[in-house]
Amino acid sequence: MLGIKPESEGEEAAQTTTTTSTTNMPAEEERAESSASGETVDLEKGDTEAAVAEEVQQMPRQTTTSFPEFMMELRDMNRDVKIKKGMCKYADKRILYGINARFVSGELCALMGPSGAGKSSLLATLQNGNEAMFLNGQPLPKQYSQMVCVIPQADILFPALTPRQALRYSAVLKLPESTSSEEVEAVVDRLIKDLALNKCKDTPVGDENRRGVSGGERKRVSIGTELVTNPSILLVDEPSSGLDSTTAEGVVELLRRLAKENGQMVICTIHQPSYKLFTSFDKLLMLHHGRVVYNGQAQQPLHDYFNSIGFKSPAFENPLDYYMRELQARDEEDLQFFADKWAALDDATRENLDTSKHNKVAGAGVSAEQLESITAKNGWWHQFTTLYKRFFEDTVRDKEKFLQMFFMKLAIGALLGVVFINQARKDSVSSAFTSTSPLFFLVISAVFDTAFASILVIPLTRPLLVREFRNGAYTVSALFTAQVINNLLFDMLSSVAYSVAVPIVGLYPSARQYFLYLFGTMLITAFGSALGLMLGSTSKNVQDAQSKMIPVVMPLLLFCGFLIPYSEIPYYFTWLYWLSPFQYALSGLLIVEFEPRTLVQADGSTISGEEYLQLQELDADDLWQKFGILIALDAFVYIISYISIRMSIHKQAKST
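With the first letter of the sequence shown counted as 1, position 456 gets the number 456 in UniProt numbering; the numbers rise by one all the way through.
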């Protein structure tokens with residue numbers, strides 16, 4: 001069964017709320033139920049998606065009612081969006097028109113229509129709530145958004161984690177903090193069994209660059225991460241997209257079981273399913289240009305209705321293909337033809353088409369205690385530590401990739417050291433400039449290396465982060481802090497790897513100098529990481545983010561005082577010198593290197609390191625001022641990054 005509570009709670013719940021039901025099930029399901037007869041499914045057999053799909057369909061079907069029956073109503077619901085008209089002008093555009101519909105717990109409903117019909121807009125409205133939406137005849141409770149879980153079309157998961165790890169982290173984030181590790185593991189084990197993931201539970205999920213689980217398994221893992229808290233309402237965007245027919249049928253069958261056995265309300269957008277897949281749905285809401293053209297039972301009542309208005313499906317053709325083709329044909333002739341036909345029906349006819357159990361649940365209500373159990377949130381520290389562990393494990397689990405990157409940086413540092421070998425051990429003034437060249441290279445490498453790594457984080461994981469945030473898993477501040485700490489840890493390792501060049505060149509011979517060098521490079525590395533996060537959060541995709549890097553960094557690098565002395569920088573560009581983190585990092589590192597040294601001039605006389613620094617327009621006493629300003633710049637860019645990420649996630653969470 002689809003129980004997803006710890007064993008002890010599950011047994012208690014079974015005594016009070018478990019009922020075995022075969023009502024409203026097709027005959028085929030009853031036969032499947034009797035054939036299953038409670039036998040344990042061997043999830044290890046079979047190597048194909050067809051075998052897994054068959055296992056999903058043949059699992060025991062004892063119904064566990066996790067929620068009271070409830071009904072959601074849409075009463076003449078409209079939705080307007082802002083569209084840009086000129087530089088600073090916006091206008092309202094209506095995308096949903098007078099939607100009237102009912103959705104009932106325990107039913108699997110499909111939202112269908114041609115491209116641009118309003119399916120995704122309606123799904124987003126159901127997720128965010130609307131004043132025209134009612135739950136059991138009452139306005140939506142303030143906790144409504146936390147009763148809803150959304151599963152987007154794209155199955156974005158951490159590629160290095162296994163399904164077991166992905167489910168475990170989701171459980172730790174969403175279950176109450178008081179849940180013991182044994183109870184969490186019980187939830188995860190049961191989800192793995194119920195979702196038929198035993199074969200791949202310890203295989204990395206993978207991505208386009210690394211082979212992992214199959215498409216159907218990814219979809220089931222994606223669904224499973226949202227099932228740890230038994231959401232009352234599950235909104236699924238295109239669950240069959242990108243899957244073969246057999247795998248798609250297995251996924252939809254899983255969603256049907258969630259509705260029937262857990263009493264959840266499951267609503268899916270689906271573009272053009274096969275007829276066999278469509279028979280799994282209880283109800284259909286069909287849209288065309290934001291208007292309802294059918295709302296009622298799926299299957300035979302749907303065909304009866306279209307027959308009654310003169311659109312009988314030809315023999316040997318999928319009726320859904322025929323209806324969709326006719327809808328699209330009206331795009332040029334009469335946009336509102338089908339909507340007007342539906343609007344002309346009397347209430348009695350509509351009620352006959354929609355024979356769902358809404359009359360039984362109209363006054364049931366959802367208690368405050370039930371809402372409290374649904375919407376309880378964990379504390380910030382719990383969110384932060386869990387997110388940090390997940391980021392850390394995702395980074396180090398791919399050991400081959402991690403070690404490859406680390407040793408590559410060691411090799412680059414060693415190569416740099418060999419090129420400038422022993423240059424810093426020469427005491428002449430003429431060799432001083434040459435010995436600073438590797439510092440310039442190390443600072444540039446620190447910024448670009450970390451910036452180009454962190455710039456990918458938000459664009460690549462934004463769909464997952466938006467989904468988890470929208471579903472109430474954590475706050476943006478906990479997410480941002482965990483990401484920053486994880487980045488800084490591995491950025492420090494990068495600094496240590498590059499520092500292999502330091503003893504080869506002969507820089508920073510004392511322990512104090514070496515640790516001050518590491519401190520300075522870590523500060524400039526943190527700037528690169530913060531800059532990457534900021535640019536990534538303000539970009540639509542990876543390509544957009546990467547295109548912003550050079551225009552932002554190059555002016556700061558050009559006017560840092562190393563390539564062009566400050567005295568020769570045009571006055572209208574001097575402000576870039578004072579804003580450049582490269583200037584403060586290089587100045588600080590030069591002070592650390594030359595302040596204790598004595599240099600020999602061409603005529604044989606000597607000058608102190610402080611005197612040499614003065615020739616370079618630097619003051620040895622300004623070391624901590626330079627580092628302090630660099631810390632302030634880091635903090636400023638991190639704050640901008642946080643604001644950008646917060647705005648980006650909040651905006652997408654509300655609009656999708």
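Ideal Cβ positions, reconstructed from N, Cα and C, are used throughout, including at glycine.
As the structure is a computational prediction, the values presented were derived from the model and not from experiment.
Exposure of residue i, with buried meaning 16 or more beta-carbon neighbours within 10 Å
i, result
"R467", "buried"
"L287", "buried"
"M408", "exposed"
"F636", "exposed"
"D42", "Because D42 sits at a pLDDT of 38, beneath the cut-off of 50, its placement in the model cannot be relied upon, and the following sentence gives the value as read from the coordinates. Under this definition D42 is an exposed residue."
"K654", "exposed"
"I267", "buried"
"Y90", "exposed"
"V484", "buried"
"D449", "buried"
"I639", "exposed"
"F515", "exposed"
"M165", "First, the amino acid is wrong: residue 165 is Gln here, not Met. Classification for Q165: buried."
"D634", "buried"
"S641", "buried"
"K651", "exposed"
"M647", "exposed"
"S37", "Per-residue confidence for S37 stands at a pLDDT of 36, beneath the threshold of 50, marking its modelled position as unreliable; no derived number is given."
"S180", "exposed"
"V81", "exposed"
"N262", "buried"
"K93", "exposed"
"D194", "buried"
Residue of the options minimising C-alpha distance to residue i
i, options, result
"M492", "I458, A446, R462", "A446"
"T229", "Q583, V104, Q146, Q138", "Q146"
"E610", "M72, E183, E217, A620", "A620"
"I233", "V419, W342, K119, M72", "M72"
"P319", "W381, K276, V496", "K276"
"M133", "K119, V150, L586, A101", "A101"
"N295", "P438, G98, I645", "G98"
"Q543", "E393, F452, V293, V172", "F452"
"S477", "S644, Q264, P163", "S644"
"L410", "G532, Y498, H650", "Y498"
"Q616", "L586, Q625, E253", "L586"
"D340", "P301, V293, L327, P459", "V293"
"A602", "R350, D427, F158, T247", "D427"
"L243", "Q264, P273, K260, E261", "P273"
"C109", "L353, M647, L284, V221", "L284"
"L126", "G116, Y322, Q423, L96", "L96"
"Y388", "F420, F490, E326, G290", "F490"
"K119", "L191, R291, F402", "R291"
"F529", "V502, V500, A511, S495", "The sequence shown places Ser at residue 529, not Phe. Nearest option by C-alpha distance: S495."
"K219", "P163, N352, K174, E69", "P163"
Cβ-Cβ distance between residue i and residue j below 9 Å
i, j, result
"I156", "P596", "no"
"I504", "A414", "yes"
"V205", "I151", "no"
"L599", "V429", "yes"
"P231", "N378", "no"
"P438", "L507", "yes"
"F627", "G561", "no"
"I455", "S567", "no"
"P239", "I270", "yes"
"L535", "V552", "yes"
"Y474", "T386", "yes"
Whole-number beta carbon distance between residue j and residue i, since they are thought to touch under 8 Å
i, j, result
"T225", "F384", "Their Cβ separation, rounded to whole angstroms, is 19 Å, which puts T225 and F384 out of contact at 8 Å."
"E131", "D282", "Not confirmed; about 27 Å, so no contact."
"L479", "L465", "6 Å"
"I458", "L533", "7 Å"
"T279", "Q264", "Not really, about 20 Å apart at Cβ, beyond 8 Å."
"L558", "P581", "Contact flag wrong, Cβ pair sits at about 13 Å."
"L589", "L613", "Not a contact, Cβ separation roughly 12 Å."
"G216", "V251", "6 Å"
Identified DSSP bridge partners for residue i
i, result
"residue 686", "What is shown of the chain runs 1 to 656, which leaves residue 686 out entirely."
"F103", "M72"
"L287", "V292"
"C149", "L234"
"C109", "I267, K283"
"Q297", "K283"
"P139", "F134"
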